[in-house]
Amino acid sequence: MNLVKKAGLALVAMMSMHMSFAQTEKTVEVGGAAMYPSKNIVENAVNSADHKTLVAAVKAAGLVETLQGK
Numbered sequence: 251m252n253l254v255k256k257a258g259l260a261l262v263a264m265m266s267m268h269m270s271f272a273q274t275e276k277t278v279e280v281g282g283a284a285m286y287p288s289k290n291i292v293e294n295a296v297n298s299a300d301h302k303t304l305v306a307a308v309k310a311a312g313l314v315e316t317l318q319g320k
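My numbering puts the sequence shown at residues 251 to 320.
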């Protein structure tokens, strides 16, 4: 499995772990999608239709882990 697919699967797994907590948080909306303070930039961008190109570029560049850090 290539790096982009692994990164995508990791993002899906992390998103599902945060679902119950994220539903009770105050959010702002960006690109028609809720942005959660408890999520990192990658987790939030994945949910936004306006950021599909950004997400693809981050995955292709192998920057998912870097952007998930503090």
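From the three backbone atoms N, C-alpha and C, an ideal C-beta is built for every residue, glycine too. What you are looking at is a predicted structure, and each value in this text was computed from that prediction instead of being measured.
Judged by DSSP secondary structure, Glu279 falls outside any alpha helix (DSSP H) and instead within the beta strand (DSSP E) spanning Val278 to Val280.
Ala283 is bridged by DSSP to Val280. Using a Cβ distance threshold of 8 angstroms, Met285 and Thr277 count as a contacting pair.
The alpha-carbon separation between Lys309 and Glu279 amounts to approximately 23 angstroms. Ala306 and Leu313 have their C-alpha atoms some 10 angstroms from each other.
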